[in-house]
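Data first, discussion second: the structure below is written as structure tokens.
Number of protein chains: 2
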Amino acid sequence: MTKWLDNEEMAAWRGFVNVSSGVTSALEAELVAHHGITTGDYGVLARLSEADDSKMRMCDLAADLHLSPSGLTRRLDGLVRRNLVVREPSAEDRRVMLAVLTAEGRSFLEQIAPLHVDGVRRHFISHLSPTQLRNLSSAFRSIESGLRSIAGRN
Amino acid sequence: MTKWLDNEEMAAWRGFVNVSSGVTSALEAELVAHHGITTGDYGVLARLSEADDSKMRMCDLAADLHLSPSGLTRRLDGLVRRNLVVREPSAEDRRVMLAVLTAEGRSFLEQIAPLHVDGVRRHFISHLSPTQLRNLSSAFRSIESGLRSIAGRN
DNA sequence: GCCAGATGGTTGCAATCGCAACTATCCTGA
DNA sequence: TCAGGATAGTTGCGATTGCAACCATCTGGC
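So the sequence lines, in the order shown, correspond to chains F and B.
Heads up, the first sequence stops at 154 in this note's numbering, and the numbers go up one at a time, no gaps.
Heads up, the second sequence stops at 1154 in this note's numbering, and the numbers go up one at a time, no gaps.
See the structure below:
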């Protein structure tokens, strides 16, 4: 019934698993060592910096970052303590809290983003030819749409 | 100095990040829902099943699974409680504890492995053409060797 | 033979995360 | 208008994990 994985498939899968954890933890370690920020915190700042007015609703932010509501609440607590983000009640919906990137948060992000991009390039992009890059993108798109169709969320 | 990512590179990187967490959590959810075991525990059983005599030193097991010593200690506690694994002092080195797959552990693994393989195929392999599969394997090998050369461990 | 340093494993502690429960607010239908 | 359900965010709790400290054991140099 269930076909086992052949050697090629197994190599791709094992490689994927190893690369996933390896690249992630390498970037994490560099970011923490050089700038004292986790990739989780970095992700919040980066996402906010791309949003209109540098602000987002908590729930949208949580969905984008694949984080649970409680997880985001506490992650934001840390960023607020460091004055990189502030909370702001929404004028339109009083249930909603907006996470807003501060000027300090933006300048901090602009300072560390090059290091992160450099890490992505060094650990990931630089190992791929332009053709492989295109192939990867399309393969990932296909996998992503498969994930979305099976499980509605997350 | 640092080149920013162009659209193609950004698409590949974002796809990689999303697929990493998406595929991992989809497999995790299926494994937990259907058989009440985490991918972490599954990894221990799978690795032990491939070892000589179904036993491995704790430190080797931890290195293979990218787990800290303390993490493995506690993970093993859980598996021991479920009689899937037993601890056995090494005769050669009295510092060493061997993790040994029990008969019950082996039969449990053989029962759930097909589901896991099926999940890998469904969420990952099935979206890739044979050519893409080969490309991926070689790209991953390159990335892995890059990781190893930069950071000696983990 | 013996001491210093390396290695293997466990435990205390703190950080992180998700789920469930809870409150507050919004929205829909009658 | 207003009741019931949906949605947003926070908090309590338990589970997982890594780091540092610790103890036991091994190994190499003398």
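The beta carbon of each residue, even a glycine, is placed where N, CA and C say it ideally should be.
Contact belief for residue i with residue j at Cβ below 8 Å, rounded distance in angstroms
i, j, result
"B:L1101", "B:V1085", "6 Å"
"B:V1044", "B:F1124", "The pair is not a contact, with the Cβ atoms about 21 Å apart (cut-off 8 Å)."
"B:A1099", "B:L1061", "6 Å"
"B:S1018", "F:E144", "Correcting the residue identity first, residue 1018 of chain B is Asn in this sequence and not Ser. Confirmed, about 6 Å."
"B:V1046", "B:L1109", "The sequence shown places Ala at residue 1046 of chain B, not Val. About 7 Å separates the two Cβ atoms, so the contact holds."
"F:R141", "B:G1015", "6 Å"
"F:L115", "F:E30", "7 Å"
"F:L76", "F:R94", "Not confirmed; about 18 Å, so no contact."
"F:A139", "B:H1034", "Actually they are not in contact, since the Cβ atoms of F:A139 and B:H1034 sit about 26 Å apart, beyond 8 Å."
"B:R1106", "B:S1149", "That belief does not hold up - the Cβ atoms of B:R1106 and B:S1149 are roughly 37 Å apart, past 8 Å."
"B:N1135", "F:N135", "5 Å"
Any chain F beta carbon closer than 8 Å to residue i
i, result
"B:S1107", "no"
"B:A1051", "no"
"B:P1111", "It is worth fixing the name first, because residue 1111 of chain B is Gln in this sequence and not Pro. Taking Cβ atoms only, chain F never reaches closer than 8 Å to B:Q1111, which makes this a no."
"B:I1037", "no"
"B:V1023", "yes"
"B:R1075", "no"
"B:V1080", "no"
"B:E1142", "Per the sequence presented here, residue 1142 of chain B reads as Ser, with Glu not at that position. It does; some Cβ of chain F falls within 8 Å."
"B:S1070", "no"
"B:L1061", "no"
"B:L1133", "yes"
"B:V1086", "no"
"B:V1100", "no"
Candidates the options, of which the one nearest residue i by Cα
i, options, result
"B:A1103", "B:L1076, B:P1114, B:S1054", "B:S1054"
"F:V164", "F:H116, F:R57, F:I37, F:H35", "Because chain F spans 1 through 154 in this model, residue 164 of chain F falls outside it and cannot be assessed."
"B:G1146", "F:L67, F:L115, F:A26", "F:A26"
"F:I37", "F:D52, F:G78, F:R122", "F:G78"
"F:D6", "B:D1118, B:R1081, B:R1014, B:S1020", "B:D1118"
"F:D64", "B:E1050, B:S1021, B:T1131, B:A1033", "B:S1021"
"F:R74", "F:S49, F:Q111, F:G40", "F:G40"
"F:W4", "B:S1138, B:A1113, B:A1091", "B:A1113"
"F:S90", "F:L133, F:C59, F:S129, F:R122", "F:C59"
"F:L72", "F:W13, F:Q132, F:Y42", "F:Y42"
Minimum Cβ-Cβ distance from residue i to chain B less than 8 Å
i, result
"F:E9", "yes"
"F:H66", "yes"
"F:R153", "Note that F:R153 scores 34 on pLDDT, short of 50, meaning its location in the model is unreliable and no value can be drawn from it."
"F:A46", "no"
"F:S137", "yes"
"F:L147", "yes"
"F:A26", "yes"
"F:L128", "yes"
"F:H34", "no"
"F:A12", "yes"
"F:G40", "no"
"F:L5", "yes"
"F:N18", "yes"
"F:V120", "yes"
"F:V96", "no"
Residues bridged to residue i [DSSP beta-bridge criterion]
i, result
"F:V85", "F:L101"
"F:M10", "BP columns for F:M10 are empty, so no partner."
"B:K1055", "B:V1100"
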